[in-house]
Each structure stands twice: as C-alpha cells, then as structure tokens.
Amino acid sequence: MKRREFVGLFGGAAAWPLAAGAQQQAMPVVGFLSGAAPQEYGHILAAFRRGLGEAGFVDGRDVAIEFHWAEGQFDKLPAMAADLVRRRVAVIVAGGTHLPALAAKSATSTIPIVFSAGSDPIDSGLVKSINRPEANVTGVSMFSNELSAKRLALLRSLVPTSRVIGFISNPQIKDTQISSVQTAARSLGVQIELVSAASEPELDVAFATLAGRAVDAVMVGADAFYNSHRAYIVDLAARHALPASYSLRDYVVDGGLTSYGTSITDAYRQAGGYVGRLLKGAMPSELPVLLPTKFELVINLKTARALGLTVPNSMQLLADELVE
Numbered sequence: 004m005k006r007r008e009f010v011g012l013f014g015g016a017a018a019w020p021l022a023a024g025a026q027q028q029a030m031p032v033v034g035f036l037s038g039a040a041p042q043e044y045g046h047i048l049a050a051f052r053r054g055l056g057e058a059g060f061v062d063g064r065d066v067a068i069e070f071h072w073a074e075g076q077f078d079k080l081p082a083m084a085a086d087l088v089r090r091r092v093a094v095i096v097a098g099g100t101h102l103p104a105l106a107a108k109s110a111t112s113t114i115p116i117v118f119s120a121g122s123d124p125i126d127s128g129l130v131k132s133i134n135r136p137e138a139n140v141t142g143v144s145m146f147s148n149e150l151s152a153k154r155l156a157l158l159r160s161l162v163p164t165s166r167v168i169g170f171i172s173n174p175q176i177k178d179t180q181i182s183s184v185q186t187a188a189r190s191l192g193v194q195i196e197l198v199s200a201a202s203e204p205e206l207d208v209a210f211a212t213l214a215g216r217a218v219d220a221v222m223v224g225a226d227a228f229y230n231s232h233r234a235y236i237v238d239l240a241a242r243h244a245l246p247a248s249y250s251l252r253d254y255v256v257d258g259g260l261t262s263y264g265t266s267i268t269d270a271y272r273q274a275g276g277y278v279g280r281l282l283k284g285a286m287p288s289e290l291p292v293l294l295p296t297k298f299e300l301v302i303n304l305k306t307a308r309a310l311g312l313t314v315p316n317s318m319q320l321l322a323d324e325l326v327e
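When you line the sequence shown up against this note's numbering, it's residues 4 to 327, in that order.
Below, the structure is given as structure tokens:
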C-alpha cells in the first residue's frame, strides 16, 4: 500500500489521542512542516528520528513521516498546513521559525502540534503558558532571538576594535532579534547596520552592502532559511573577509567564525520524543514547553587566523568547543 493511500485511512483528529496498545488498522502518519529546505536538514532529521526511536517509534516501521518544505517561501505554509490536515495526520511537527507552527495552529484545533522554534513561544502567539500549554500546541523553544544580545557582546569581545556591526535578518518573519541587538548595541557603544535578505541573491546583496559600508563584523539572524543555506552564507562572509557570528554551531563547523546558542539537534530530538508521547496517548496540555538548559559558545580558530584575529585566552577558556 502506498503512503498516500494509508494516510487517508488514518483517523487524524477523530483517532487522537491514541490509547497505548490500541489496535490500529493503519500506520500513524506524522506531518513535518518546515519553512526551510531539506538539503541541510539531514543531521536534524536524524536527531528527530532518534527522539522518536527513544519513544518506541521507528520511521517506516511504526510511523510514517510526511514532509512539507517551504524552502523559505513562507507564504506557502498555510496551504501546506491545510494539506496535512486534509491528510488527517496524527501529529504535526512544525520546525524552524514560529511561522510553520502558527500556520499549523490556524489550520487545526484538534490535531496535536509540536513546534521547534527559536522565538519566545508566548510572544509568538503559539502558547499562553510554558508550563501548561493550552489546546493542541506544545513543543521546544530554543530562545534564539533572546540570545542575540549575548551574541553581540561575545562578537565584540572577539573583534574588540569593532564599532560598526552589520545585522542580517529575514524580512518575511517578525524578527524580535533586531530590537534586542539594538538595545545591546547602545550599551556597548556599537552602531548597528541593518540589512535584510530572503533569498540567495538577496544574501549576495546584503553582504556586499555591509562590506561597502565598511562594517567591522556581521551578525546573521537566527532563521530556518539561513540555517538551510549556511554553507552559502559562510562562503559569503569569507569572500568579503567579514568576521561573522551565528546562532548555531553548524555554521562554525562549516567554516564560520563563531556561534552562540542552543543545540538544534537536541531540540529536534526532544521534539521527536514529544511526538512519541502524543502517539501513545498523551495530551499536548500535559507536556510543558521545553526550554534550553545549555548554551554553547563555539569558535573556529582556523577562520579566526585567516581573518587576522587573535582569540583571547579568556575566550578560548570560555568556549565550549574550539574548531581547528
């Protein structure tokens, strides 16, 4: 039987929650809705499947996953979410920014939704309470936006002569990082140059614009589209010889200078675990939104040398990981 045939057989909202041990005629289907592109999500999906496995569900054996990728075209998310609802999936996983989760929340009030997002879930309108999420929405928050001020301070320590720092954000999302960075910049005596980009050509223009404005360093906003194009972004920063800070260690492993944030793979592993618990019959309101407990500073020493930067011993000792 083809996947799309048995998706229609599953009862979706009518069959939720699934009682542990209940006899099912068809394999439950999990809808995976993301604003990013699939090319760079291999390790993230592996972590998600690992979380599912820890909860007792193996992809292809106990559960099927139906993927919908917006690839940065966030206007497609409502239609994609509606399609998953029509297919009567058992759970919807909404990843990347808060936008996929909001699209899913608008599309259904009955199918459980598990989000993995960087923004504050209360400010984003996903839930009203961290400890007791209402209705059908819960998930994992990485609080990437709230860490932007700390990232700026760390970048300034790494490039102590910096007076003008560029900030690249995606204009398609409500970016609370900007206000956090601007507030922190005033206290540090730093000027912020804002540019936006939502495609590879726009990223080219953004970096060229910042280089033309003679910025001393660059912060790249936390964003699912940027994450899925991180190799391209790291190459642009190197091409323009701009020290750049990112929200995820993956950028630094790919050659970026530095990152500060939570682990995206751990967040998706936790999301997979929550999906497993929901498939076993848990209610979303019983699962509090998970918050990060560990924050990682990662520095690429090879990239620092190529940029002519000396990483202070104090920062090397502070770093959770040094990449050579």
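Backbone N, C-alpha and C fix where the C-beta goes; we use that ideal spot for every residue, glycine too.
Beta-carbon gap between residue i and residue j smaller than 7 angstroms
i: L36; j: A84; result: yes
i: A107; j: L129; result: no
i: L55; j: G279; result: yes
i: I195; j: Q180; result: no
i: G98; j: S119; result: yes
i: L150; j: S248; result: no
i: V224; j: S172; result: The question names Val, but residue 224 is Gly in the sequence shown. Going by C-beta atoms, G224 is nearer than 7 angstroms to S172.
i: E205; j: Y235; result: no
i: Q273; j: V143; result: yes
For residue j and residue i, believed in contact at Cβ under 8 angstroms, the rounded distance
i: A322; j: L300; result: 5 angstroms
i: A93; j: V32; result: 6 angstroms
i: A270; j: M145; result: 5 angstroms
i: P287; j: L281; result: 7 angstroms
i: V326; j: V237; result: So it is not a contact: roughly 12 angstroms between Cβ atoms.
i: S250; j: S262; result: 6 angstroms
i: V117; j: G34; result: Not really, about 10 angstroms apart at Cβ, beyond 8 angstroms.
i: L239; j: D207; result: 7 angstroms
i: V292; j: P115; result: At roughly 13 angstroms, the Cβ-Cβ gap does not stay under 8 angstroms, so V292 and P115 are not in contact.
i: A220; j: S165; result: 5 angstroms
Among the options, nearest to residue i - alpha-carbon criterion
i: G38; options: G54, L80 and R91; result: L80
i: V218; options: D207, A227, L197 and Y235; result: L197
i: L320; options: L161, R166 and Q273; result: L161
i: M222; options: F228, R89, H71 and V167; result: V167
i: V88; options: F77, Q76, F70 and D78; result: F70
i: L213; options: T306, A152, A58 and F170; result: F170
i: G258; options: I302, G142 and K283; result: I302
i: L260; options: R242, G276 and G275; result: R242
With 16 other Cβ atoms within 10 Å as the buried cut-off, status of residue i
i: A309; result: exposed
i: N316; result: exposed
i: R233; result: buried
i: Q26; result: Low confidence applies here, because Q26 scores a pLDDT of 41, under 50, leaving its location unreliable and the question unanswered by this model.
i: R135; result: exposed
i: H101; result: buried
i: Q42; result: exposed
i: S122; result: buried
i: P110; result: The displayed chain sequence assigns Ala, not Pro, to residue 110. It is buried - the Cβ of A110 has at least 16 other Cβ atoms within 10 Å.
i: I176; result: buried
i: D226; result: buried
i: D78; result: exposed
i: A82; result: exposed
Min CB distance residue i to chain D below 7 angstroms
i: V223; result: You won't find chain D in this structure, because it holds only one protein chain.
Residue i beta carbon near the ligand GTP (any heavy atom closer than 6 angstroms)
i: A220; result: Absence of the ligand GTP from the depicted structure is noted, as is the absence of any ligand whatsoever, leaving it without description.
Beta strand (DSSP E) runs wholly inside the region 24-108, at least 3 long, in chain order = 32-37, 67-72 and 94-99, all fully within the region 24-108.
Note down, one range per segment and in chain order, each beta strand (DSSP E) of at least 3 residues found wholly within the region 122-166.
-> Within the region 122-166, the beta strand (DSSP E) runs of at least 3 residues that lie entirely inside it are, in chain order, 140-144.
Which runs of the alpha helix (DSSP H) spanning at least 4 residues fall entirely within the region 245-297, listed in chain order?
-> Here the runs fully enclosed are 252-256 and 267-282.
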